[in-house]
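First residue of the sequence shown: 12, per our numbering; consecutive thereafter. Cβ atoms here follow ideal geometry from the backbone N, Cα and C, with glycine treated the same way. What you are looking at is a predicted structure, and each value in this text was computed from that prediction instead of being measured.
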Amino acid sequence: MLAVELLNVLHRLLLTRDPLAIQLQVTAVVQETIRAAQDHLQRQKNCKGKEEEGEKDSQPGLGEGGDTGELVPGKSLVFAAMELLVFILVRHLPQLNTRVRESPSHAPLRPQRLPEESARLVANTVAILAELPSLCSPAGSMTILPTVLFLITGVLRETAVKTSDSSVPVTVSAALQGIKAIITSPLAQAESIQTQWPCLVRSSLASVLESSQPDESRPDMDEISMLTAITLFLLSASGELIGVTVLQKGCMECFRNGLNSSDPGVQARCYQLLLSVFQHSSRALSTPYIHALAPLMVEKLKAVERSRPGTVAELHAVQEGIRVLENLVSMGEDQNRVQLLALLVPTLISYLLDDNAISSASQISRGLHEFALQNLMQIGPLYPAAFKIVVGAAPELKSRLESAIRANQASNKAKAAARLAQPAVQAAPTIKLKTSFF
Numbered sequence: 012m013l014a015v016e017l018l019n020v021l022h023r024l025l026l027t028r029d030p031l032a033i034q035l036q037v038t039a040v041v042q043e044t045i046r047a048a049q050d051h052l053q054r055q056k057n058c059k060g061k062e063e064e065g066e067k068d069s070q071p072g073l074g075e076g077g078d079t080g081e082l083v084p085g086k087s088l089v090f091a092a093m094e095l096l097v098f099i100l101v102r103h104l105p106q107l108n109t110r111v112r113e114s115p116s117h118a119p120l121r122p123q124r125l126p127e128e129s130a131r132l133v134a135n136t137v138a139i140l141a142e143l144p145s146l147c148s149p150a151g152s153m154t155i156l157p158t159v160l161f162l163i164t165g166v167l168r169e170t171a172v173k174t175s176d177s178s179v180p181v182t183v184s185a186a187l188q189g190i191k192a193i194i195t196s197p198l199a200q201a202e203s204i205q206t207q208w209p210c211l212v213r214s215s216l217a218s219v220l221e222s223s224q225p226d227e228s229r230p231d232m233d234e235i236s237m238l239t240a241i242t243l244f245l246l247s248a249s250g251e252l253i254g255v256t257v258l259q260k261g262c263m264e265c266f267r268n269g270l271n272s273s274d275p276g277v278q279a280r281c282y283q284l285l286l287s288v289f290q291h292s293s294r295a296l297s298t299p300y301i302h303a304l305a306p307l308m309v310e311k312l313k314a315v316e317r318s319r320p321g322t323v324a325e326l327h328a329v330q331e332g333i334r335v336l337e338n339l340v341s342m343g344e345d346q347n348r349v350q351l352l353a354l355l356v357p358t359l360i361s362y363l364l365d366d367n368a369i370s371s372a373s374q375i376s377r378g379l380h381e382f383a384l385q386n387l388m389q390i391g392p393l394y395p396a397a398f399k400i401v402v403g404a405a406p407e408l409k410s411r412l413e414s415a416i417r418a419n420q421a422s423n424k425a426k427a428a429a430r431l432a433q434p435a436v437q438a439a440p441t442i443k444l445k446t447s448f449f
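So this is what it looks like as structure tokens:
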């Protein structure tokens, strides 16, 4: 009760004191209070566990909410913390208040980059929110989690804006960490909430997907942050999402938009995130994404032959795409190796420059040429039989590759000869005589 009264006093303090410094100090006190409550609950669980060792799901009622999930105002530390934290969030992000958003007189607010102190305060608040379910019983957690996830995904939606230096706002980082902490929580394993938990995860992902849709009112939305959040759900809560067609289609559409983005930074990050999905241990999750998105990736990478990268960012995006294809080749079964290499190898060979064009090509174009040649020379020894079949099936590919290899070898020999031909420069004596004897 003392901790509850402390949070109520802090809440009243915020109602009368507006400076950010005070709000930051309040969140620090709330954080320590929550951690003390967590330590106390953990000691209770340890003692209870020793008494009832061996009994399955022996502690379903430990934590706030008990077996019913009810959090009593005035007695619940979690409820008092929620009141205070919601007050802070709505103060800095009014659009999180559903009453304000639904008001006929409310003008839609664009996502915004908060001032530094304000952003740090919101990030701290989100971090505390994500810890509150750990103070609850499984039933109690299901009472607050819909609100907690609504607020955290709301912070993500309202602060995921592009920045000039491509940095990630602290609010977005906190939201992503909070989402991961919740969906990977041990509470997800509690038998008493097995029917409710999947619905909670799915509705949260649906909310993120809705926020990820292109919208004229959000031209500065950071696609990378939203794609990262979607990937986080797929990797951390795959069991709850497998087979949910509407969510699967929504996720695929977001990745498709990322691949088709005109921003090479978004493309590169999209390739990286897709690779993590493709490599997921659950084939039931990864296979539909491979089948749906790999053809588009191949198409985008083949088009590079006609429109070579002109900037470092564009080159990086192409390199990330090729790395995904290379991983797909390594993940494939032996009987499919030739078919997979038939997609990768011709694409890489198409990036090679003719001997006459190398000297006049831009540094970026030469970088693509060298990257492709290095990868081809690594792939050949890895899959010698399949590689020989693919290259041998197209004489023009074989001729272009052999020409590039010869040119590379000649260049390396010329460089080595030039180094050998350089006269040795005699080092000056370390001690110089001041007097000349001659």
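field: Beta-carbon proximity list for Ser373, same chain, < 8 Å, skipping 5 on both sides
entry: Once the five neighbours on either side are set aside, the close Cβ partners of Ser373 are Gly321.
message: Rounded to the nearest angstrom, what separates Ala421 and Ile390 at their Cα positions?
response: Take the alpha-carbon of Ala421 and the one of Ile390: they are about 21 Å apart.
Cβ separation of Val255 and Arg213, assumed to be a contact under 8 Å, to the nearest whole Å: Contact flag correct, Cβ pair sits at about 6 Å.
query: Per DSSP, which one or two residues make a beta bridge with Glu75?
result: Its beta-bridge partners are Cys147.
task: Evaluate contact between the stretch 163 to 180 and the stretch 131 to 143, counting only Cβ atoms and requiring at least three cross-stretch pairs below 8 Å.
output: Touching, yes.
query: How should Thr239 be labelled, buried or exposed, when 16 other C-beta atoms within 10 angstroms of its C-beta is the threshold for buried?
result: Counting Cβ neighbours within 10 Å, Thr239 comes out buried, since at least 16 surround it.
query: Going by other Cβ atoms of all chains shown within 10 Å of its Cβ, with 16 needed for buried, is Gln200 buried or exposed?
result: That one is exposed.
- prompt: Would you say Pro299 touches the ligand GDP, meaning its beta carbon is less than 7 Å from a heavy atom?
  reply: As far as ligands go, the structure on display features none, and thus does not contain the ligand GDP.
Per-residue DSSP class, three states only, for Ile45: Note: Ile45 maps to helix in three-state DSSP.
query: Do Gly250 and Tyr282 have their C-beta atoms within less than 8 Å of each other?
result: No, these two residues do not count as a Cβ contact at 8 Å.
query: For Val172, does the three-state DSSP call read helix, strand or coil?
result: For Val172, the secondary structure class from DSSP, reduced to helix, strand or coil, is strand.
Three CB pairs or more closer than 8 Å across the stretch 264 to 274 and the stretch 229 to 245: Three or more beta-carbon pairs drawn from the stretch 264 to 274 and the stretch 229 to 245 are found closer than 8 Å, and the two stretches are therefore classed as touching.
query: Start and end of the alpha helix (DSSP H) containing Asn19?
result: Leu13 to Thr27 is the span of the alpha helix (DSSP H), which, as asked, contains Asn19.
field: Through-space distance from Asp274 to His327, alpha-carbon basis
entry: Going by the C-alpha atoms only, they are around 12 Å apart.
- prompt: Does the distance from the C-beta atom of Leu146 to that of Ala48 stay below 8 Å?
  reply: Contact flag set, yes.
message: I'd like to confirm the pairing. Which residues does DSSP put opposite Met232 in its beta bridges?
response: DSSP output for Met232 lists Val172 as bridge partner(s).
message: Rounding to the nearest angstrom, what Cα-Cα distance links Leu211 and Arg334 in this structure?
response: Leu211 and Arg334 have their C-alpha atoms spaced approximately 35 Å apart.
field: Per-residue burial, Ser297 [other beta carbons within 10 Å of its own, 16 or more giving buried]
entry: Taking all protein chains shown into account, Ser297 has 16 or more neighbouring C-beta atoms within 10 Å of its C-beta and is therefore buried.
task: Tell me whether Gly80 sits in a helix, a strand or coil according to DSSP, three-state version.
output: For Gly80, the three-state secondary structure derived from DSSP is coil.
Through-space distance from Ile375 to Glu407, alpha-carbon basis: For Glu407 and Ile375, the distance between alpha carbons rounds to 25 Å.
Contact check, Leu73 vs Leu95, beta carbons under 8 Å: No Cβ-Cβ contact shorter than 8 Å links Leu73 with Leu95.
message: If you measure between the beta carbons of Ser414 and Asp366, is that distance less than 8 Å?
response: Inclusion of Ser414 and Asp366 in the CB contact set at 8 Å is warranted, their separation being smaller than that value.
- prompt: Mind checking whether Leu336 and Leu312 have CB atoms under 8 Å apart?
  reply: In this structure, Leu336 lies near Leu312, with their beta-carbon atoms less than 8 Å apart.
- request: Note down, in chain order, each residue of its chain lying with its Cβ closer than 8 Å to the Cβ of Leu354, except the 5 sequence neighbours on either side.
  value: Answer for Leu354: Val309 and Leu336, listed in chain order.
query: What separation, rounded to the nearest whole angstrom, lies between the Cα atoms of Val15 and Arg54?
result: Approximately 20 Å between the Cα atoms of the pair.
Same chain, Cβ closer than 7 Å to Gln330, neighbours up to 5 away in sequence not counted: The answer, listed in chain order, is Phe382.
Proximity below 8 Å, CB of Asp78 to CB of Ala130: One thing to note: Asp78 has its Cβ no nearer than 8 Å to the Cβ of Ala130.
Nearest residue (CA-CA) to Arg319, options Pro306, Leu359, Arg348 and Leu352: Ranking Pro306, Leu359, Arg348 and Leu352 by Cα distance to Arg319 puts Leu359 first.
message: In whole angstroms, give me the CA-to-CA distance for Val20 and Thr109.
response: Rounded to the nearest angstrom, the two C-alpha atoms are 26 Å apart.
- prompt: When the Cα of Glu142 is compared with those of Asp50, Arg417 and Tyr300, which residue comes out closest?
  reply: For Glu142, the closest alpha carbon among the candidates Asp50, Arg417 and Tyr300 is that of Asp50.
Uninterrupted alpha helix (DSSP H) stretches inside the stretch 253 to 325 (no shorter than 4 residues): For the stretch 253 to 325, the continuous alpha helix (DSSP H) assignments of 4+ residues that do not extend past its boundaries occur at 256 to 270, 275 to 289 and 294 to 313, in sequence order.
field: Residues near Met2 in its chain [Cβ-Cβ closer than 8 Å; skip 5 each side]
entry: Nothing about residue 2 can be reported from this structure: the residues present for the chain run from 12 to 449 only.
- prompt: Run through DSSP, which three-state label would Glu344 get?
  reply: DSSP places Glu344 in coil when its eight states are reduced to three.
- prompt: In chain order, which continuous runs of the beta strand (DSSP E) of length 3 or greater are located wholly inside the stretch 345 to 430?
  reply: Runs found: none.
Cβ distance (whole Å) where Leu352 is taken to contact Phe398 below 8 Å: Rounded, the Cβ-Cβ distance is 6 Å, consistent with contact.
message: Please return the same chain residues whose Cβ sits closer than 6 Å to the Cβ of Gln42, not counting the five positions on each side in sequence.
response: Ile139, listed in sequence order.
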